[in-house]
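Residue numbers (full-length UniProt numbering): 1 to 562.
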């Protein structure tokens with residue numbers, strides 16, 4: 001009998017429960033009608049507590065939509081949103097959807113050169129931005145990219161450098177001398193002459209198949225790619241995150257991770273508002289402030305990256321704060337072991353996804369028994385199909401064999417900007433992800449890292465993810481990532497970069513000895529190198545740039561390897 005091929009299917013999409021409208025305007029309408037006068041979001045700025053009910057959220061999104069229509073936006077117009085996690089971000093994204101446009105989220109970690117790239121390739125016609133984030137002056141950066149913006153002074157912009165950009169409006173205080181960028185109140189006032197009925201009519205034209213959002217990849221291997229997703233793809237995931245997390249209306253979710261990344265967008269917004277909960281927003285991450293905010297707002301759920309959990313647990317006020325309201329929190333990390341936390345919630349870590357599938361395409365929801373997960377990355381979600389292919393031939397490999405993960409289904413992107421779809425998908429419509437993995441006979445997916453990150457040492461293939469998961473538990477380790485460094489004899493050697501926790505007296509042999517307790521000898525890092533956190537460049541989504549780290553490690557070890 002022939003060995004089955006590595007192709008696994010999720011259940012039919014038509015059988016999925018818990019879904020509502022499959023457009024962004026429809027989702028907004030449904031959650032806001034259900035939430036009514038309950039708090040949808042809370043935001044603290046300048047000592048002032050800002051709270052929006054669900055009714056407020058809908059009203060503010062409608063105001064943005066009216067202003068956009070007054071600016072001349074039409075069906076499919078791209079509207080840039082360059083903001084941290086603040087109320088206006090949500091109003092801008094859903095206001096764009098109500099006006100029939102495509103919300104284009106832009107990374108606030110961007111340098112001026114990166115922002116110029118994002119604006120040029122996205123072709124946004126209206127830019128809704130935050131004037132300044134910490135020391136980063138986006139108004140000045142925009143003026144450096146295109147001086148004609150400042151010269152427009154409220155009139156329509158016509159600039160060869162950004163040929164599609166017509167209007168820019170900003171949240172935040174303007175300088176004494178105008179920089180030509182419209183303030184938020186003036187922008188919203190544009191819409192006063194627009195009938196609310198026109199917004200309703202615009203929103204009614206939106207279909208699940210229409211382009212809904214334009215997000216960008218995190219740029220861990222190259223310049224960020226523009227990824228266009230349909231309304232259906234985004235709405236499906238917003239509804240699904242409620243199921244993934246098993247959240248209810250008691251979810252009061254803190255997050256400081258930028259909503260301009262699809263994962264953060266889906267997890268926080270979908271996992272909270274779809275369940276009728278409340279977002280507790282922090283614009284930029286600062287551990288002590290975050291803990292005070294969690295205690296003050298009785299936060300019951302927190303969403304963070306691994307390095308942020310470590311920073312929260314190491315914060316000077318960690319032992320003092322009352323976190324007893326926490327319910328949707330895992331004890332996997334030190335934060336969840338706080339003495340006031342008694343939650344036994346299971347974070348759904350068995351999962352796999354990409355921006356190209358607008359977050360999760362395979363998962364086991366919270367509460368799934370460990371025996372069922374079996375160390376996997378979950379099972380396909382409704383409508384999704386995976387296959388594991390030989391990277392060279394593109395043919396499906398037998399069950400259990402390793403290869404490249406390929407995926408298709410209802411949340412798959414509409415395409416990359418500037419790249420024909422036939423150059424992105426294979427002949428069967430699958431997107432080849434560049435990730436390595438396998439499937440088992442039970443229909444579970446196992447992700448094993450980027451194909452070009454797999455370490456080939458002494459004839460063995462080693463997954464850096466497995467090594468990192470072990471070393472992350474080593475006392476004194478704050479942040480870590482493993483790479484392969486070229487070696488004349490072995491091909492590559494395993495090298496782990498570590499950022500130690502403040503005050504930790506951690507030595508290389510301490511980390512290696514810890515790893516030896518769990519890992520096979522050939523997986524134990526040959527070298528452990530220590531770095532300051534600022535030395536490890538990240539993409540803004542907490543992904544250390546592998547190529548840069550590999551190069552730094554090789555330079556550090558130059559002359560030692562033989």
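Note that the Cβ used here is the ideal one computed from N, Cα and C, for glycine as well. Model, not experiment: these values are computed from the prediction.
### Query
Does DSSP put residue 231 in a helix, in a strand, or in coil?
Counted from its first residue, the chain shown places residue 231 at position 231. Three-state result, residue 231: helix.
#### Entry: Beta-carbon gap between residue 557 and residue 544 smaller than 8 Å
For the purposes of this step, residue 557 is taken as residue 557 along the chain shown, with counting starting at 1. For the purposes of this step, residue 544 is taken as residue 544 along the chain shown, with counting starting at 1. Taking 8 Å as the Cβ cut-off, residue 557 and residue 544 do not qualify as a contacting pair.
### Task
May I have the straight-line CA-CA distance separating residue 350 from residue 438, to the nearest angstrom?
Taking the chain shown and counting its residues from 1, the one referred to as residue 350 is at position 350. Taking the chain shown and counting its residues from 1, the one referred to as residue 438 is at position 438. When rounded, the distance between both Cα atoms is 14 Å.
### Task
Could you please give the first and the last residue of the uninterrupted beta strand (DSSP E) stretch that includes residue 88?
Numbered from its first residue, the chain shown carries residue 88 at position 88. Run containing residue 88: none in the beta strand (DSSP E); it sits in the alpha helix (DSSP H), 87-98.
### Task
Could you check if residue 330 is buried or exposed, using at least 16 other CB atoms within 10 Å of its CB as the buried criterion?
Residue 330 sits at position 330 when you count from the first residue of the chain shown. Classification for residue 330: buried.
### Message
Taking a contact to mean a Cβ-Cβ separation below 8 Å, would you say residue 62 touches residue 52 in this structure?
### Response
Translated into positions along the chain shown, residue 62 becomes position 62. Translated into positions along the chain shown, residue 52 becomes position 52. Taking 8 Å as the Cβ cut-off, residue 62 and residue 52 do not qualify as a contacting pair.
#### Entry: Minimum C-alpha distance to residue 452 - residue among 492, 414, 419
Along the chain shown, one-based indexing puts residue 452 at 452. Comparing Cα positions, the closest option is 492.
### Query
alpha helix (DSSP H) containing residue 144: first to last residue?
Residue 144 sits at position 144 when you count from the first residue of the chain shown. That run of the alpha helix (DSSP H) goes 138-145.
### Task
Using a threshold of 8 Å, state whether the C-beta atoms of residue 470 and residue 553 are closer than that.
Here residue 470 refers to the residue found at position 470 of the chain shown. Here residue 553 refers to the residue found at position 553 of the chain shown. In this structure, residue 553 does not lie closer than 8 Å to residue 470 by Cβ.
### Message
On the DSSP bridge list, what partners appear for residue 44?
### Response
Start at 1 with the first residue of the chain shown, and residue 44 comes out as number 44. DSSP output for residue 44 lists 49 as bridge partner(s).
### Task
Could you tell me whether the Cβ atoms of residue 262 and residue 358 are closer together than 8 Å?
Locating residue 262 in the chain shown gives position 262, counting from the first residue. Locating residue 358 in the chain shown gives position 358, counting from the first residue. Yes, these two residues count as a Cβ contact at 8 Å.
### Task
In the DSSP assignment, find the beta strand (DSSP E) that holds residue 585 and state where it starts and stops.
Limits of the chain in this structure are 1 at one end and 562 at the other, which puts residue 585 out of reach.
### Task
Could I get the ranges of all uninterrupted beta strand (DSSP E) runs contained in the stretch 241-307, with 3 residues as the minimum, in chain order?
252-255, 278-281, 301-303
### Message
Suppose you measure from the CA of residue 570 to the CA of residue 307; what does that come to, to the nearest Å?
### Response
The structure shown does not extend to residue 570, since the chain is modelled only from 1 to 562, so the question has no answer here.
#### Entry: DSSP three-state assignment for residue 27, whether helix, strand or coil
Within the chain shown, numbered from 1, the residue matching residue 27 stands at position 27. Helix.
### Query
Is residue 447 helix, strand or coil when you go by DSSP?
Here residue 447 corresponds to residue number 447 of the chain shown, with the count starting at 1. In the structure shown, residue 447 sits in a strand (DSSP, three-state: E or B).
### Query
Which residues in the same chain have their Cβ closer than 6 Å to the Cβ of residue 273, if we skip the five residues on either side of it in sequence?
What you label residue 273 is simply residue 273 of the chain shown in a count that begins at 1. If we look at residue 273 and ignore the five residues flanking it on each side, its Cβ neighbours are 31.
### Query
Are the stretch 117-124 and the stretch 318-333 touching by the rule of at least three beta carbon pairs closer than 8 Å?
no
### Query
Residues in its own chain within less than 6 Å of residue 142 by CB, not counting five upstream and five downstream?
On the chain shown, position 142 is the one that residue 142 refers to. Excluding residues within five positions, the ones whose Cβ falls inside 6 Å are 149.
### Task
Would you decide whether residue 463 is buried or exposed? Buried here means 16 or more other CB atoms lie within 10 Å of its CB.
Here residue 463 refers to the residue found at position 463 when the chain shown is read from its first residue. Flag for residue 463 reads buried.
### Message
Considering just the uninterrupted stretch of the alpha helix (DSSP H) at residue 149, what are its terminal residues?
### Response
Mapped onto the chain shown, residue 149 falls at position 149. Unbroken alpha helix (DSSP H) run through residue 149: 148-152.
### Query
What is the DSSP secondary structure of residue 407, reduced to helix, strand or coil?
Counting from 1 along the chain shown, the entry for residue 407 is found at position 407. Here residue 407 sits in strand by DSSP.
### Query
Which stretch, first to last residue, makes up the beta strand (DSSP E) that contains residue 493?
Within the chain shown, numbered from 1, the residue matching residue 493 stands at position 493. Note, residue 493: beta strand (DSSP E), 491-500.
### Query
Under 7 Å from any heavy atom of the ligand SAH, does the C-beta of residue 198 make it?
The model on display carries no ligand, and the ligand SAH is accordingly not part of it.
### Task
Using 10 angstroms around the beta-carbon of residue 111, count the other beta-carbons present and answer buried if the total reaches 16, otherwise exposed.
For the purposes of this step, residue 111 is taken as residue 111 along the chain shown, with counting starting at 1. Exposed.
### Task
Examine chain C for any beta-carbon lying closer than 8 Å to the beta-carbon of residue 466, and answer yes or no.
Looking at the structure shown, chain C is missing, and only one protein chain is on hand.
### Query
Out of 391, 355, 413, which has the shortest C-alpha to C-alpha gap to residue 403?
Translated into positions along the chain shown, residue 403 becomes position 403. Among 391, 355, 413, the Cα nearest to that of residue 403 is on 391.
### Pick from 479, 510, 504, 34 that is closest to residue 498, judged by C-alpha positions
Position 498 of the chain shown holds residue 498. For residue 498, the nearest C-alpha among the options comes from 479.
### Query
Which value, in whole angstroms, describes the spacing of the CA atoms of residue 247 and residue 328?
On the chain shown, position 247 is the one that residue 247 refers to. On the chain shown, position 328 is the one that residue 328 refers to. Their backbone Cα atoms lie some 8 Å apart in a straight line.
### Task
Along the beta strand (DSSP E) that carries residue 524, what are the first and last residues, could you check?
Position 524 of the chain shown, counted from the first residue, corresponds to residue 524. Run containing residue 524: none; DSSP gives neither H nor E here.
### Task
Whole angstroms is fine: what's the gap from residue 475's alpha carbon to residue 313's?
Position 475 of the chain shown, counted from the start, is the residue given in the question as residue 475. Position 313 of the chain shown, counted from the start, is the residue given in the question as residue 313. One C-alpha to the other measures close to 13 Å.
### Query
residue 107: buried (16+ other C-beta within 10 angstroms of its C-beta) or exposed?
As a first step, residue 107 must be located in the chain shown, where it is residue number 107. That one is buried.
### Task
Could you check what DSSP says for residue 190 in three-state terms: helix, strand or coil?
On the chain shown, residue 190 is found 190 positions in, with the first residue counted as 1. Residue 190: helix per DSSP, three-state reduction.
#### Entry: CA nearest to the CA of residue 334, picked from 73, 310, 326
The residue labelled residue 334 in the question sits at position 334 within the chain shown. For residue 334, the nearest C-alpha among the options comes from 310.
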